[in-house]
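Asks: Here it is, the structure, as structure tokens.
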Amino acid sequence: MTQRLVTLTDARRSFAGPAQGFLGGERPRVQAVAGVSLAIDPGEALGLVGESGCGKSTLGRLVQGLERPDGGTVLVDGTPPTADRRTHARRVQTIYQNPLDVLDPRLKVAEAVAEPLEIHRLGTRETRAERVMRLLRDVELPEELALRYPHELSGGQAQRVVIARALALEPQVIVCDEPVASLDAPIQRQILRLLDRLRRDLGLSYLFISHDLGAVWELCQRVAIMYLGRIVEQGPKEEIFLRPRHPYTQALLTAIPRPDAPDAPRAPLLQGEPPSPVNAPPGCAFHPRCAYAQEVCRTIAPALTQTQPLHHTACHFVAPRPTTENQAGEEQASENQADRAEEEDQAGAI
Numbered sequence: 096m097t098q099r100l101v102t103l104t105d106a107r108r109s110f111a112g113p114a115q116g117f118l119g120g121e122r123p124r125v126q127a128v129a130g131v132s133l134a135i136d137p138g139e140a141l142g143l144v145g146e147s148g149c150g151k152s153t154l155g156r157l158v159q160g161l162e163r164p165d166g167g168t169v170l171v172d173g174t175p176p177t178a179d180r181r182t183h184a185r186r187v188q189t190i191y192q193n194p195l196d197v198l199d200p201r202l203k204v205a206e207a208v209a210e211p212l213e214i215h216r217l218g219t220r221e222t223r224a225e226r227v228m229r230l231l232r233d234v235e236l237p238e239e240l241a242l243r244y245p246h247e248l249s250g251g252q253a254q255r256v257v258i259a260r261a262l263a264l265e266p267q268v269i270v271c272d273e274p275v276a277s278l279d280a281p282i283q284r285q286i287l288r289l290l291d292r293l294r295r296d297l298g299l300s301y302l303f304i305s306h307d308l309g310a311v312w313e314l315c316q317r318v319a320i321m322y323l324g325r326i327v328e329q330g331p332k333e334e335i336f337l338r339p340r341h342p343y344t345q346a347l348l349t350a351i352p353r354p355d356a357p358d359a360p361r362a363p364l365l366q367g368e369p370p371s372p373v374n375a376p377p378g379c380a381f382h383p384r385c386a387y388a389q390e391v392c393r394t395i396a397p398a399l400t401q402t403q404p405l406h407h408t409a410c411h412f413v414a415p416r417p418t419t420e421n422q423a424g425e426e427q428a429s430e431n432q433a434d435r436a437e438e439e440d441q442a443g444a445i
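In the working numbering, the protein residues as written are 96 to 445.
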């Protein structure tokens, strides 16, 4: 059995909430990550999906080693991120949403890509320069961009520079925190294809944090759905997208247009906003918005349990599927996905 590269076991991270009342007093704790267990295999892209404020980025920071868990364990290649920060920085790198927030406006592209090598004192000036040119080719940038400044680049070019910089130390894991959210749709697809090629060519593992289900479908092999600090469903992407079991996952997928089946029965849309993590509801955190909630949901938090091989769901009553389609219907949906991808590829070639 392949050893897991990234392992989180009952990981928890809380923060002090806002002061209560005019005189302040004891500040409540906000549970940003509430007992999450996840694993990422070598060469695998795991998509982490959820609404804003659900704890996705905090979980990413635990893997990066930028936050220390209050409880549970976080291991990368069998080692806690805080054991040796310098070594961990070489194992785990990050790609953020806005590349211009990452790139120093005073540094040329070549200097920005070489900076991690200089910080870790890797190679000579000549070998670093060669490495930079090779990295630019790897991310499909012309070498003449090496002498430009960040403000002279397009958004897609700047994000490719950030990817090259993340690859400089030859990491095993890259945390991708909404890496295509600020890009136009055609550029998003190009960056996703680049990330997928790099994963396959270099054996990289990704924690791909996103609210964009289309991007997750295109890049990831497995998906975890997060709600108010907890994982409510996880499994292979085909299981999550075509056979979702948790009401929250079903509602998220309902928001995606289905041109192939516009009249198909759908799960109820989400009602209202997520509860405040400062005052999280007892029991299942999703019950105030759930169309299937019963009394037990208001008092007891469901455990993440196996509902199908490799498919886990945290729900007392694993929700009925939102459609009455049979297996043939599922296969047709999968074929439609493939047909649309082929059409997009042909359009891109034109």
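Idealized CB from N, CA, C, for every residue including glycine.
Take residue 314 as the anchor and find which of 154, 139, 372 and 145 has the nearest alpha-carbon.
Replies: 139
Asks: With a Cβ-Cβ cutoff of 8 Å, do residue 253 and residue 289 count as a contact?
Replies: no
Asks: Ignore the nearest five residues each way along the sequence and tell me which others in residue 284's own chain have a CB closer than 6 Å to its CB.
Replies: Within the same chain, no Cβ atom closer than 6 Å to the Cβ of residue 284 is found once the five residues on either side in sequence are excluded.
Asks: Roughly how many angstroms separate the alpha carbons of residue 367 and residue 350, rounded to a whole number?
Replies: 14 Å
Asks: The alpha helix (DSSP H) with residue 251 in it runs from where to where?
Replies: 250 to 262
Asks: Does the contact criterion of 3 or more C-beta pairs under 8 Å hold for the stretch 185 to 192 versus the stretch 142 to 153?
Replies: no
Asks: What would DSSP say about residue 407, mapped onto helix, strand or coil?
Replies: strand
Asks: Cβ of residue 342 versus every heavy atom of the ligand GTP: is any distance shorter than 7 Å?
Replies: The model on display carries no ligand, and the ligand GTP is accordingly not part of it.
Asks: Checking the sheet assignment: what are the DSSP bridge partners for residue 331?
Replies: 317
Asks: How big is the Cα-Cα spacing for residue 158 and residue 206?
Replies: 27 Å
Asks: What are the uninterrupted segments assigned as beta strand (DSSP E) that are 3 or more residues long and contained completely in the stretch 168 to 193, given in chain order?
Replies: 187 to 190
Asks: In terms of residues, what are the limits of the beta strand (DSSP E) holding residue 111?
Replies: 101 to 111
Asks: Check this for me: beta carbons of residue 150 and residue 128, under 8 Å apart or not?
Replies: yes
Asks: Between 286, 408, 306 and 268, which has its C-alpha nearest residue 236's C-alpha?
Replies: 286
Asks: Quick one: residues in its chain with C-beta nearer than 7 Å to the C-beta of residue 446, no 5 flanking neighbours on either side, listed in chain order?
Replies: Outside the modelled stretch of the chain, which goes from 96 to 445, sits residue 446, for which no answer is possible.
Asks: Let me confirm a value: residue 407 is counted as buried when at least 16 other C-beta atoms fall within 10 Å, else exposed. Which label applies?
Replies: buried
Asks: Tell me, to the nearest whole angstrom, how far the beta carbon of residue 327 is from that of residue 341; I am working on the premise that it is less than 8 Å.
Replies: 5 Å
Asks: Rounded to whole angstroms, what is the Cα-Cα separation between residue 298 and residue 122?
Replies: 44 Å
Asks: Going along the chain, which residues of its own chain have a beta-carbon closer than 6 Å to the beta-carbon of residue 401, five neighbours each way excluded?
Replies: Only 407 meet the Cβ criterion.
Asks: According to the neighbour-count rule (16 or more other Cβ atoms, all chains shown, within 10 Å of its Cβ), is residue 199 buried or exposed?
Replies: exposed
Asks: Would you kindly check if the distance between the Cβ of residue 130 and the Cβ of residue 393 is under 8 Å?
Replies: No, the pair does not count as a contact, with Cβ atoms beyond the cut-off.
Asks: Classify residue 393 as helix, strand or coil using the three-state DSSP reduction.
Replies: helix
Asks: Would you grab the beta carbon distance between residue 111 and residue 99 for me? Rounded to a whole angstrom, and I think it's under 8 Å.
Replies: Incorrect: roughly 32 Å between the Cβ atoms, too far for contact.
Asks: Out of 300, 278, 281 and 242, which has the shortest C-alpha to C-alpha gap to residue 261?
Replies: 300
Asks: Answer with yes or no whether the minimum CB distance from residue 332 to chain D is below 8 Å.
Replies: The displayed structure is made up of one protein chain only, and chain D is not part of it.
Asks: Whose C-alpha, out of 132, 134, 137 and 153, is nearest the C-alpha of residue 126?
Replies: It is 153.
Asks: Candidates 132, 411, 103 and 246: which alpha carbon is nearest residue 175's?
Replies: 103
Asks: How about residue 282 and residue 250: are their beta carbons less than 8 Å apart?
Replies: yes
Asks: Do residue 223 and residue 241 have their C-beta atoms within less than 8 Å of each other?
Replies: No, the Cβ-Cβ distance between residue 223 and residue 241 is not below 8 Å.
Asks: Pull up the CB-CB distance for residue 319 and residue 202, whole angstroms please, since I reckon it's below 8 Å.
Replies: No, residue 319 and residue 202 are not in contact; Cβ-Cβ is about 36 Å, not under 8 Å.
Asks: Under the three-state reduction of DSSP, which class applies to residue 373: helix, strand or coil?
Replies: Note: residue 373 maps to helix in three-state DSSP.
Asks: Can you say whether residue 390 is buried or exposed, counting buried as having 16 or more other CB atoms within 10 angstroms of its CB?
Replies: exposed
Asks: Check residue 351 in the structure and name its three-state DSSP category.
Replies: coil
Asks: Just tell me which of 105, 185 and 218 has its CA closest to the CA of residue 533.
Replies: The question about residue 533 has no answer here: the residues shown for the chain are numbered 96 through 445.
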